[in-house]
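Down below is the structure, laid out as structure tokens.
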Amino acid sequence: MSQSSDYEIIIIGAGALGLAVARALANAGKGSVLVVEKEEIYGRGISSRNSEVIHSGIYYPPNSLKAIYCTSGREKLYAYCKEKNIWHNQCTKLVLAQENQINELEQLYKNGLKNGVPDLKMIEKGELLKLEPNIKGESALFVGCT
């Protein structure tokens with residue numbers, strides 16, 4: 001059987017990135033878009049193995065492309081989920097440090113502030129133990145937008 005179709009754009013792979021690119025191109029009117037996928041269902045490849053975490057932006061050097069794309073992408077993704085009524089879990093996290101890691105933790109905090117990450121807070125051991133009595137750490141960075 002022979003089938004012939006004309007498409008201006010072909011996206012190979014129906015994972016998270018392939019589908020996002022296809023949607024963006026189609027919505028921008030860039031031409032007809034075809035997505036091809038080798039698996040029986042979409043998202044079965046590498047996309048099925050990602051951590052499903054929406055990163056806050058604390059780990060990247062200020063003004064780097066990673067920091068810019070991470071923070072702006074996080075905001076856009078949460079806005080999109082809200083607009084489309086897509087369930088998501090905007091969780092928080094604690095980045096723990098032992099005594100010899102506190103300087104690194106403070107650097108993460110500074111990176112986050114410089115990158116415009118909201119809801120960051122340094123937590124000392126006393127407050128940390130109130131949150132979780134069995135926790136093993138001297139200090140922590142609370143990140144409210146992961």
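Residue numbers (the UniProt record's numbering): 1 to 146.
Built from N, CA and C at the ideal position, the CB exists for glycine as well.
Keep in mind the model is a prediction, meaning the values are calculated, not measured.
- Query: Asn134 CB to nearest chain C CB: under 8 Å?
  - Reply: Among the chains of the structure shown, chain C does not appear; only one protein chain is present.
- Quickly, what does DSSP pair Ala139 with across the bridge? List them, please. Before going on, a small fix: residue 139 reads as Ser here, not Ala. In DSSP, Ser139 forms a bridge with Ala97 and Glu124.
- Query: What's the C-alpha gap between Met1 and Ile41?
  - Reply: Note that Met1 has pLDDT 44, beneath the 50 cutoff, so the model's placement of it is unreliable and the number below is only indicative. In a straight line, the C-alpha of Met1 is about 23 Å away from that of Ile41.
- Query: Taking the DSSP output, what are the residues bridged to residue 167?
  - Reply: One cannot answer for residue 167 here, as it falls past the ends of the chain, which runs 1 to 146.
- In chain order, what residues of the same chain lie with their CB nearer than 8 Å to the CB of Glu99, ignoring the 5 residues before and after it? Glu138
- Message: Once DSSP output is grouped into helix, strand and coil, what is the label at Gln107?
- Response: helix
- Message: Just verifying my parser: in three-state terms, what is the DSSP assignment at Tyr42?
- Response: coil
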